[in-house]
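Residue numbers (the working numbering), protein chains in the order written: chain U, 409 to 554; chain H, 1014 to 1130.
Idealized CB from N, CA, C, for every residue including glycine.
Because the structure is a prediction, the values reported are computed rather than measured.
Read through the structure below, which is laid out as structure tokens, and then see the notes.
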Amino acid sequence: MITPSLLLNARLWISAALPAQKTAAGFAALPFTQVRGCKVFGTLVTQYQTAPYMPIGGETPYQRRVGRAPASWSLDLYRISDAGQEMLAAAAASGQAHSFQLTVPGLGVHYFSAEVSGLGLALGGAAALAEISLSLELRSEVLAQS
Amino acid sequence: MVEAKIIAALGPLVNDRVYPDTATADTPLPFITFQRAGGAPLVYVDGTLPDKANARMQINVWGKGRAEVSRVMAAVEEALCAAPAFGLPLGGPIDRSDELTGFKGAQQDFSVWYERS
């Protein structure tokens, strides 16, 4: 039987610095601060643009991969007093790309750089907890290191 | 803990006759009992717990007559919704009665956030 990966104990880290070399080792050398209070991580997508390709000679047309598509990432957090959340808010205000490290048990470490394109303070009813929803635009490949 | 928060909020309404789970048979009326009946679990993705927790608290008021019980339960709702308890009623009160003792009662559930430690 194969054990599935659990997201519990997954941790997100942020750094205001960008690596000199966009390699896993370059990211690993950065000073990261953990972002606490994470509720939901969005999907990390590697998506490619496509264009219709019409081969000469009567073959079936198909969508041909032509390049990387822009990728976004979403993040939901409970609003707590935390240094990592303060850095996320600063990243949203500055518009500067930041480095991120996401560790998932069984899936290893994922590094990428991204800039915050949206920050929302989610409110609700009397029994709700204040939450923050962020949209991030990836500025690098997602580098996985198991 | 949530028990201390409930007792502090409701004690002044019934001369501090607020008890967890049950009260002794000779307790003067009116009195209040309470018990935890679940709550919303909360854990961060990284496996840590916040310093606040949530409980669904069932509050039971017992008295000599329906009017007295309704008056105390209305005061319970007012006390728990206000600061610092900030409870949220989870439905309205339910009237009860005890055939053996003849006591009149009412129960109502509240969502209460409290300091975990």
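- In angstroms, rounded to a whole number, what distance separates the CA positions of Pro-1106 (chain H) and Phe-1047 (chain H)? 14 Å
- Query: With DSSP run on the structure shown, which of helix, strand or coil describes Phe-508 (chain U)?
  - Reply: strand
- Query: Going by DSSP, what residues sit across from Ile-1045 (chain H) in a beta bridge?
  - Reply: H:Val-1031 and H:Val-1074
- Message: Quick check on DSSP: helix, strand or coil for Pro-427 (chain U)?
- Response: coil
- Query: Along the chain, where does the alpha helix (DSSP H) that runs through Leu-496 (chain U) open and close?
  - Reply: 491-502
- Query: Could you give the distance in angstroms between the alpha-carbon of Gly-1078 (chain H) and the alpha-carbon of Val-1089 (chain H)?
  - Reply: 17 Å
- Query: Whose C-alpha, out of H:Pro-1041, H:Asp-1029 and H:Leu-1055, is nearest the C-alpha of Phe-1116 (chain H)?
  - Reply: H:Pro-1041
- Please list the partners that Pro-1063 (chain H) has in chain U, where partner means a Cβ-to-Cβ separation under 8 Å. Gly-445, Tyr-486 and Ile-488
- Neighbouring residues, chain U, relative to Gly-1051 (chain H) (Cβ below 7 Å): Correct list: empty, because the minimum Cβ distance to chain U is about 13 Å.
- Item | Cutoff 6 Å; reference Ile-1072 (chain H); Cβ partners in own chain excluding five residues on either side | Phe-1047, Val-1089 and Gln-1121
- Ser-525 (chain U), enclosing beta strand (DSSP E) - first and last residue: 516-530
- Task: Note the first and the last residue of the continuous alpha helix (DSSP H) segment covering Phe-435 (chain U).
- Result: 432-436
- Message: Once DSSP output is grouped into helix, strand and coil, what is the label at Val-1089 (chain H)?
- Response: helix
- Task: Report all residues from its chain with a CB closer than 7 Å to the CB of Leu-496 (chain U); omit the five preceding and five following residues, and keep chain order.
- Result: Ile-422, Val-443, Val-524 and Leu-542
- DSSP beta-bridge partners for Arg-473 (chain U)? U:Thr-458
- Query: So which residues of chain U does Gly-1060 (chain H) contact, with C-beta pairs closer than 9 Å?
  - Reply: Leu-416, Asn-417, Ala-418 and Arg-419
- Query: Whose CA, out of U:Pro-469, U:Gln-455, U:Ala-552 and U:Ala-530, lies closest to the CA of Ile-488 (chain U)?
  - Reply: U:Ala-530
- Cα-Cα separation, Phe-440 (chain U) to Phe-1123 (chain H): 41 Å
- Query: Mapping DSSP to helix, strand and coil, what is Gly-466 (chain U)?
  - Reply: coil
- Classification of Gly-533 (chain U) by the beta-carbon crowding that lies within 10 angstroms, buried from 16 upward: exposed
- State the Cα-Cα distance for the pair Arg-1049 (chain H) and Ala-1038 (chain H), rounded to the nearest angstrom. 21 Å
- Can you name the residues of chain U whose CB is closer than 7 Å to the CB of Ser-1124 (chain H)? Ala-535
- Message: Suppose the cutoff is 7 Å on Cβ atoms and the five residues either side in sequence are ignored; what does the same chain contact list for Gly-434 (chain U) look like?
- Response: Pro-427 and Ala-428
- Apart from the five residues on each side of it in sequence, which residues of its chain come closer than 6 Å, Cβ to Cβ, to Thr-511 (chain U)? Arg-419 and Val-517
- Considering only residues of the same chain and omitting the five flanking positions on each side of Pro-460 (chain U), which have a CB-CB separation below 7 Å? Pro-469 and Gln-471
- Task: Please report how far the alpha carbon of Arg-476 (chain U) lies from the alpha carbon of Gln-457 (chain U), in whole angstroms.
- Result: 6 Å
- Among the residues of its own chain, which have a CB less than 6 Å from the CB of Asp-1108 (chain H), if the five just before and after it don't count? Ala-1119
- Query: Leaving out the 5 sequence neighbours to the left and right, which residues in its chain are closer than 7 Å to Gly-1100 (chain H) when beta-carbon positions are compared?
  - Reply: Leu-1093, Cys-1094, Phe-1123, Ser-1124 and Val-1125
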